[in-house]
Amino acid sequence: MSNGVSETRRAGYDATAAEEKWSRYWEQHKTFATLDDGSRERRYVLDMFAYPSGDLHMGHAEAFAIGDVVARYWRLKGYDVMHPVGWDSFGLPAENAAIHHGTHPAEWTYRNIDTQASSFRRYGISFDWDKRLQTSDEEYYRWTQWLFLKFMERGLAYRKDSWANWCPEDQTVLANEQVKEGRCERCGAVVTKRQLNQWYFRITDYAQRLLDDMSEIEGHWPERVLAMQRHWIGRSEGAYVDFMIDGHDEPVRVFTTRPDTLYGATFMVVAPDADLADQVVSDEQRPAFQEYLETVKKKTEIERQSTEHIKTGVYLGAEATNPVNGAKIPVWAADYVLADYGTGAIMAVPAHDQRDLDFARKYGIEVIPVIDTGEPDPRESGIATIGDGAYQNSGDLDGLTNKAEGVSRMCRFLDDRKIGEATITYRLRDWLLSRQRFWGCPIPVIHCPSCGDVPVPEDQLPVRLPDLRGADLAPKGVSPLAGEEARSWREVACPTCGGPAERDTDTMDTFVDSSWYYLRYCSPHDDREAFDPEEVRRWMPVAQYVGGVEHATMHLLYSRFFTKVLHDMGLVDFDEPFSRLMNQGQVINQGRAMSKSLGNGVDLGKQLDQFGVDAVRTTVIFAGPPEEDIDWADVSPGASLKFLQRAYRVAADVTAPADADPATGDLSLRRATHHAIAEITDLLDGGRFNVVVARIMELVNATRKAIDSGCGAADPAVREAVTFTAQALSMLAPYVSEEMWELLGNEASVANSSWPTADPSLLVADEVTLVVQVNGKVRGKIQVAPDISETDAVAAATADQNVQRHIGDKQVVKVIARLPKMISIVVR
């Protein structure tokens, strides 16, 4: 027995006992708390918020294991690491679950948080639990409300009547980003449209900065995330053009990316659900229009915009004037134009747009080609020509062949006559944040009949949610806060005039809560301000963010927007919140997403009970690169457990004293250890965590072979190899690594140790493989010194029996040496 370790402990690794022992140790000693004393360079590692829908699941197992590898590695590298934990605890899932189970959302939410917190502790994530927060805590949502008021002061939070996405299942509006293929991204219900008065954030004011500032994170964020954001923001260069509609006093401004085709505009299309359609429809056509409108309301936006959709419309009985040639053109309502696209109207150039051409041919509207592309005439072929060519039927543009010049001339024409102007537009729409549900952050605004929308004074924040225990919180199309049970909460005096007024009864989208939580982590219990600017300056931007790609056009975009607003307010000194982003894939089973209905769900708790935390963590890391999906049917936590037990037994065999000089040990094993140090360091820096596991396995095997083949457990090189193995394993299998560290007689915890540096002299190979080719084909591989001379290399190559057999009695006509890797012999 050595190092005071009993034979009982040497018998094998007890995962359950180790988990209980070391989770308790880390908590008692606050092992992973930040130092924040300036003694070390700071690194902020952040995992995307957990949602308290129940206990941790397999997706959590992967996502948080990945973030923990980074946090533990940087800690070993000597950084002061902040790795906080919290819950995005407001929102529809918790409210719906609470209603279903007949309990209050707060009870349901905080019970689940307690369950997840216990599971996180067991899972060994190196969180600083002093940084814990929940967005549904009053100390948090007080500052969410304060930020809303600051946005309101700057004109970035406003209220308006508009057609909004409506989820009939959850009975609330949705932001555009929360509609996926025409369905609610949370419950899957088909989304309809509903006209409501709603609160918005003016994110469109920051559209260009959101695009421009991507240069700061290019190469540090996954390119597909940046591409998704660019597409969602949707920058388009073109021109506004003003059309006059008979009987309508104000010009109707439309946007087009091809103002140079204006001479080919033969009709105008208005979205049936746009206010403009109702304003310009003639009395004679109104019945037909109203009937058509009701039909369109039953269609989703996805259906209306699909290229496969058969387009329909109704003539509005009105005519517009083409501003460049004075031609009268009919005005139609059609389902392929959306109300929230600009003014809800477009100019239609059927010769050069397939949707317009299909519509024109269906309803007998004139088609005028204005660009000769050399392709068949669309009036005959039924195929719109969308290429470049010579302008025709286009007034002063006739004969031009340069598109850029045509666009430029037309924009000058419009500007000179004050009937339009060159402009840039964006697909991005303002962020709708109102929700007609109870379990969310109350909007801190009071509606007064005399004073209008009055901000709640800051000294009256937070506007607390009323308890409403026992009240019916089921969705009814309006917020429960608008019901009779909340009357005493809702009816208040106006802060400005003192007259009777009412609180806003909607709550905020939970994405508002999660758009600034990373800042609050820097000072999570500050009762004086939303966050301490000095703490934020010290810790941010976040050095590594880990989370799913599904948030590319929601949380990540909103957080970038919030950061830019706060920068403009002088509260932060950076424009981008997350310096580096790593996406993780999904954990699936049998080739499909896990689902109770499919019967392919995998219970994380049962996996942990059966194999232990370390084996599950090692399995999810070893399964593949972080961004790829893991099919649980293809992996083996049992095999991971066997590997960890083998590593433990190697540590238990070490008998070399702690002060033994590794330089006196087995040279071959020392080379293997230092090659592992160098390679694993590079792999960790490059995010190739699965290969890290493979390299650790190789080192464990090399160590076992060295012990069993003669150098023995007392060799200092064995202690050196096992010491590094414990450090490397601590990032993915924290419990067994602590046990190994203790077996070696080291002071707890391995998390407090320092990452080693590879000895360069041990990275130089004493032998390399020399490949020998004969007439271009590999005929031999021999081990030689890396500095072998050409004479010796040729002699060694030609001495190889297989090489001799292929040379035979042929004449050697040329020898090409690329030392020390290759010798090529040409014979005839």
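Remember, our numbering sits 744 above the position in the sequence shown when you count from 1. Yeah, the Cβ is synthetic: ideal placement off N, Cα and C, and Gly gets one too.
Buried is the label assigned to residue 856, since at least 16 other Cβ atoms lie within 10 Å of its Cβ. Comparing alpha-carbon positions, the option among 974, 1464, 965, 969 lying closest to residue 956 turns out to be 974. Residue pairing from DSSP places residue 1000 in a beta bridge opposite 983.
Residue state for residue 1386 is assigned as helix, using DSSP reduced to three classes.
Along the length of the stretch 1143-1191, whole beta strand (DSSP E) runs at least 3 residues long occupy 1164-1170, reported in chain order. The C-alpha of residue 1430 is placed about 38 Å away from the C-alpha of residue 836.
When 901, 1168, 1416, 1451 are compared, the shortest CA-CA separation from residue 1440 is found for 1416.
Under the criterion of beta carbons closer than 8 Å, residue 1391 and residue 1487 do not qualify as touching, at roughly 11 Å.
If you ignore the 5 residues before and after residue 913, its C-beta comes within less than 7 Å of the C-beta of 928, 931, 933, all in its own chain and listed in chain order.
Counting only residues of its own chain and dropping the five nearest sequence neighbours on each side, residue 1176 has a CB closer than 7 Å to the CB of 908, 917, 919, 942, 944. In this structure, 1321 is the residue among 1359, 1275, 1321 with its C-alpha nearest to the C-alpha of residue 960. Pairing residue 1266 with residue 1035, the inter-Cα distance amounts to about 57 Å. With contact defined as three or more Cβ pairs closer than 8 Å, the stretch 770-787 and the stretch 870-877 are in contact. In this structure residue 1494 touches residue 1470 by the C-beta definition: roughly 6 Å separates them, less than 8 Å. Between the stretch 1191-1202 and the stretch 1003-1021, the count of C-beta pairs closer than 8 Å stays below three; the two stretches do not touch. Note: residue 962 is bridge-paired with 965 in the DSSP secondary-structure output. Per the coordinates, the alpha-carbon of residue 1066 lies some 12 Å from the alpha-carbon of residue 1158. Cα atoms of residue 1304 and residue 953: separation of roughly 10 Å, rounded to the nearest angstrom.
Under the DSSP assignment, residue 1519 falls outside any beta strand (DSSP E); it carries neither an H nor an E label.
By the 16-neighbour rule on beta-carbons within 10 angstroms, residue 1174 is buried. Along the stretch 1395-1468, the alpha helix (DSSP H) occurs as fully enclosed runs of 4 or more residues at 1411-1429, 1433-1452, listed in sequence order. Beta-bridge partners of residue 789 (DSSP): 1288. In the three-state DSSP reduction, residue 1317 falls in the coil class, being neither helix nor strand.
Under the three-state reduction of DSSP output, residue 1198 falls in the strand class. Note: residue 1322 is bridge-paired with 1286 in the DSSP secondary-structure output.
Looking at the DSSP output, residue 928 shares a beta bridge with 923.
Leaving aside the five residues that flank residue 848 on each side, the residues in its chain whose CB is nearer than 7 Å to its CB run, in chain order, 842, 1213. Between residue 1328 and the set 1364, 1026, 807, 1535, the nearest pair of CA atoms involves 807. For residue 1339, no beta strand (DSSP E) segment is defined, and its DSSP state is neither H nor E. Straight across, the Cα-Cα distance linking residue 813 with residue 1331 is about 18 Å. DSSP, read as helix, strand or coil, puts residue 1246 in strand. Just measuring C-alpha positions, the residue of 1095, 1352, 1120 sitting nearest residue 1111 is 1095. For residue 869, the closest of 1509, 1478, 1351 by C-alpha to C-alpha distance is 1478.
Contact annotation: the stretch 1446-1463 does not touch the stretch 1364-1382, with fewer than three C-beta pairs closer than 8 Å. Taken through DSSP and simplified to helix, strand or coil, residue 939 comes out as strand. DSSP places residue 1232 inside the alpha helix (DSSP H), whose first and last residues are 1231-1234.
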